[in-house]
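Contents: one structure, followed by commentary.
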Amino acid sequence: MEALRPLDALNKARNSKVIVELKNNKRYVGKLVAFDIHINTVLDDAEEYVDGELKRKLGTLFIRGDTITIISPQ
Amino acid sequence: MEALRPLDALNKARNSKVIVELKNNKRYVGKLVAFDIHINTVLDDAEEYVDGELKRKLGTLFIRGDTITIISPQ
Amino acid sequence: MEALRPLDALNKARNSKVIVELKNNKRYVGKLVAFDIHINTVLDDAEEYVDGELKRKLGTLFIRGDTITIISPQ
Amino acid sequence: MEALRPLDALNKARNSKVIVELKNNKRYVGKLVAFDIHINTVLDDAEEYVDGELKRKLGTLFIRGDTITIISPQ
Amino acid sequence: MEALRPLDALNKARNSKVIVELKNNKRYVGKLVAFDIHINTVLDDAEEYVDGELKRKLGTLFIRGDTITIISPQ
Amino acid sequence: MEALRPLDALNKARNSKVIVELKNNKRYVGKLVAFDIHINTVLDDAEEYVDGELKRKLGTLFIRGDTITIISPQ
Amino acid sequence: MEALRPLDALNKARNSKVIVELKNNKRYVGKLVAFDIHINTVLDDAEEYVDGELKRKLGTLFIRGDTITIISPQ
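Protein chains in written order, with the working numbering: chain A, 1 to 74; chain B, 101 to 174; chain C, 201 to 274; chain D, 301 to 374; chain E, 401 to 474; chain F, 501 to 574; chain G, 601 to 674.
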């Protein structure tokens, strides 16, 4: 059996709702529609949370990969 | 069906109004006219916002990719 | 005898419970299911600890490699 | 029609007066005479501003690209 | 005589007790069992010190290279 | 006429007195004797200034490129 | 006459006493025995200084290049 790779795990989450957290402590929740090897990520129906509080609804959201700490299917 | 890539999403936003936010918490709003694989980005009719307040009108604006956290079509 | 490489050590921990600590001082504990040469890492049954206190249960968790400081089998 | 690239936009500003802002919040104003793919940039007749106040006249100024946040034709 | 390279010096310390210090001011002491060109490093019987005080015994420890400032045989 | 490149501008300053400023706000003044594409730089007869005050005379000084913000012929 | 390169200057300092300063403001003094293109550096008979005060004698010391700001022959 071949070992799972990290991007395979992201690929399984495609089109599902995920949480993406950034180095600046912002949290985005939305549908994962795209990512690449730099972990540049695109969410649809994205919502921004700061300190657990909903701040903005952003629709489509491009997140630069190097600002991301974690991504987790919700 | 081929999976969407992050830069495809940016490409769809070309010539539309986008919000670009930086690691230093500045926010720029303008028409997305160019970007590259480093996410170096050029806006036209760019406006700078700090803490939600309009600070400057900048016309054409080149933003170095590694300072960007998110880009979102407005 | 060939010298051990760092990723060999991670590979031995695959499918075991590990602690992953980040530059932002968050600590994740879970089963190591995937990693790559950038140390992008995927945990299953991940729990988040802040200051030693359990904050969240996250299920599957993708961690961007460049935010990681240490990984240790528990 | 081919899509504009970010460095094309900088190229249009060559020999014009530009504002260059750095991650350390310093702002330089001068004539853009050179740049490269790392956004290493050279200004002529450069002036340094801190908090909007003119601090120094520097003549020729080499700015390392990775310290730059934005460049805008004035 | 050929000039010594930095990784040769690390190689001499293999299987010996070393101190590894991180950018976050944590200090790990343990047996150096593996390292690579990124200075990703693995210690055995690792102990964590904060402000000179022993905090944890960690057994096997993978340290991401880019968080390391110094490594010194003890 | 071929466009000037940033390193051409540094090359013109070779063997002249330059100011080099770092991300940690230290300023070095000395004769520019060497630089490379990473902007690793060597000064001769280097003097260190902190907050505008002369702190040390250092003779030959190697400065790692990624710590540099600006270089300007004095 | 060929232009001097920064690593040539370091090479001249090989086997001599040098000062190495880090981004975290620590200063190491010792005999330069090895360095590479990343400026990973090895000192022998290394002493650590913090705020100008001798803190530790470390013997052989490997310093990761990206933490270094300056190197100067003493």
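The C-beta atom is built at its ideal place from N, Cα and C for all residues, glycine as well.
Residues near residue i in its chain [Cβ-Cβ closer than 6 Å; skip 5 each side]
i: VAL442(E); result: VAL433, ALA434, PHE462
i: VAL229(C); result: ILE219, GLU247
i: HIS338(D); result: GLY365
i: PRO73(A); result: ALA13, SER16, VAL18
i: ILE571(F); result: VAL518, VAL520
Proximity to residue i [Cα-Cα], best of the options
i: LEU107(B); options: ARG156(B), LYS157(B), ASP151(B), ASN140(B); result: ASN140(B)
i: ASN611(G); options: LEU410(E), ARG414(E), LEU404(E); result: LEU404(E)
i: ARG64(A); options: VAL120(B), GLN174(B), LYS131(B), ARG127(B); result: VAL120(B)
i: ARG227(C); options: GLY252(C), HIS238(C), ILE237(C), ARG214(C); result: GLY252(C)
i: LYS557(F); options: ILE571(F), LYS531(F), ASN525(F); result: LYS531(F)
Same chain, Cβ closer than 7 Å to residue i, five either side skipped, listed in chain order
i: LYS155(B); result: GLU148, TYR149
Nearest-angstrom beta carbon gap, residue j and residue i [assumed within contact, 8 Å]
i: ASP244(C); j: ASP66(A); result: In fact, because the Cβ distance is near 25 Å, the residues do not count as touching under 8 Å.
8 Å Cβ cutoff met for residue i and residue j
i: ALA409(E); j: THR660(G); result: yes
Close-in-space but distant-in-sequence residues of the same chain around residue i (CB under 8 Å, 5 per side omitted)
i: MET501(F); result: For MET501(F), the predicted model reports a pLDDT of 49, less than 50, meaning its position is unreliable; a value from the coordinates is still stated below. Nothing listed; no residue qualifies.
i: LEU422(E); result: TYR428, ILE463, THR467, ILE468, THR469
i: ASP36(A); result: GLY65
i: ASN324(D); result: THR367
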